[in-house]
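Student:
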Amino acid sequence: MARLFISYRRNDDGVDYLRDSLKKNHYAIWFDTESILLGDKDWQKSIERGIESSDGVILCFSPRCLESDPIKHEISTAQKKNKLIFIVVVQPFDTIFPSDQDLNAMGLSGRYQVMNFTNPTEREQQVEKLVQQLYEQGIRPSPHKIRQHSQNDLN
84 MARLFISYRR NDDGVDYLRD SLKKNHYAIW FDTESILLGD KDWQKSIERG IESSDGVILC
144 FSPRCLESDP IKHEISTAQK KNKLIFIVVV QPFDTIFPSD QDLNAMGLSG RYQVMNFTNP
204 TEREQQVEKL VQQLYEQGIR PSPHKIRQHS QNDLN
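For the sequence shown, our numbering assigns the number 238 to the last residue and increments by one with no breaks.
Dropping the structure here:
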């Protein structure tokens, strides 16, 4: 089954919507508040295992991410593991999209394609575009998972 790791800054608008929408599209999601177990001795190792087991990383990017060492570490780990990184802007920067300098501060080159997820009225369409991009990159939920979910909807 396709698993996506979501890297985000708490309380950024749009993150929960994106996570829930990807689940509805049959993706398994690694999300810290759901995936790190209470009593886990090393949350950083849990995050690294989550990235390792993922097929791709969704970076919910906002200006506040630039201040987050844990997010920078997640992105660095994803790059070392050769994971695909999908940048979804959830809070506008000065010019809506992050500058090359903003991307470089996160350890990313300015050559990444970035998706604008800042307008709540367009989020449904943006999720559809993201899912299409995931499919095109070979990150697809298993047919069994889709069939199982469809059968549950009928019951």
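We put the CB at the ideal spot given by N, CA and C, even for glycine.
Let me check you understand the geometry: is the CB of residue 167 closer than 8 Å to at least one non-hydrogen atom of the ligand ZN?
Tutor: Of the ligands one can find in the structure shown there are none, so the ligand ZN has no counterpart to examine.
Student: One question on the structure: do residue 130 and residue 112 come within less than 9 Å of each other, judged by their Cβ atoms?
Tutor: It is not a contact, given that the beta carbons lie outside the stated cut-off.
Student: Going straight from the alpha carbon of residue 230 to that of residue 85, what length do you get?
Tutor: Residue placement at residue 230 is poorly supported in this model, since its pLDDT is 46, which falls under 50; the coordinates still yield a value, given next. Each residue's Cα considered, the two are about 14 Å apart.
Student: Please check the pair residue 217 and residue 139, which I expect to be a contact at CB under 8 Å, by giving their CB distance rounded to whole angstroms.
Tutor: That pair is a contact at about 7 Å.
Student: Does residue 178 come out as helix, strand or coil in the three-state DSSP assignment?
Tutor: Correct three-state label for residue 178: strand.
Student: Using the C-alpha atoms, what's the distance from residue 172 back to residue 234?
Tutor: With a pLDDT of 46 at residue 234, under the threshold of 50, the modelled position of that residue is not reliable, and the figure given next carries that caveat. Taking the straight line joining both Cα atoms gives about 34 Å.
Student: Helix, strand or coil for residue 170 per DSSP?
Tutor: Reduced to three states, the DSSP call for residue 170 is strand.
Student: I'd like the span of the alpha helix (DSSP H) that includes residue 104, first residue to last.
Tutor: Segment 98-107, the alpha helix (DSSP H) holding residue 104.
Student: Using three-state DSSP, classify residue 85 as helix, strand or coil.
Tutor: In the structure shown, residue 85 sits in coil (DSSP, three-state: anything other than H, G, I, E or B).
Student: Closest to residue 98 by CA distance: which of 207, 162, 155 and 163 is it?
Tutor: Minimum Cα distance to residue 98 is reached at 207.
Student: Alpha carbons only, please: which of 167, 187, 194 and 174 is nearest the one belonging to residue 222?
Tutor: If we check each option's Cα against that of residue 222, 167 comes out closest.
Student: Going by the CB atoms, is the gap between residue 96 and residue 203 shorter than 9 Å?
Tutor: Yes, Cβ-Cβ distance for residue 203 and residue 96 is below 9 Å.
Student: Along the chain, where does the beta strand (DSSP E) that runs through residue 139 open and close?
Tutor: It spans 139-144 - the beta strand (DSSP E) in which residue 139 sits, taken as one unbroken run.
Student: Does the stretch 178-190 come close enough to the stretch 148-167 to have 3 or more Cβ pairs within less than 8 Å?
Tutor: The answer is yes - the stretch 148-167 touches the stretch 178-190, with three or more Cβ pairs under 8 Å.
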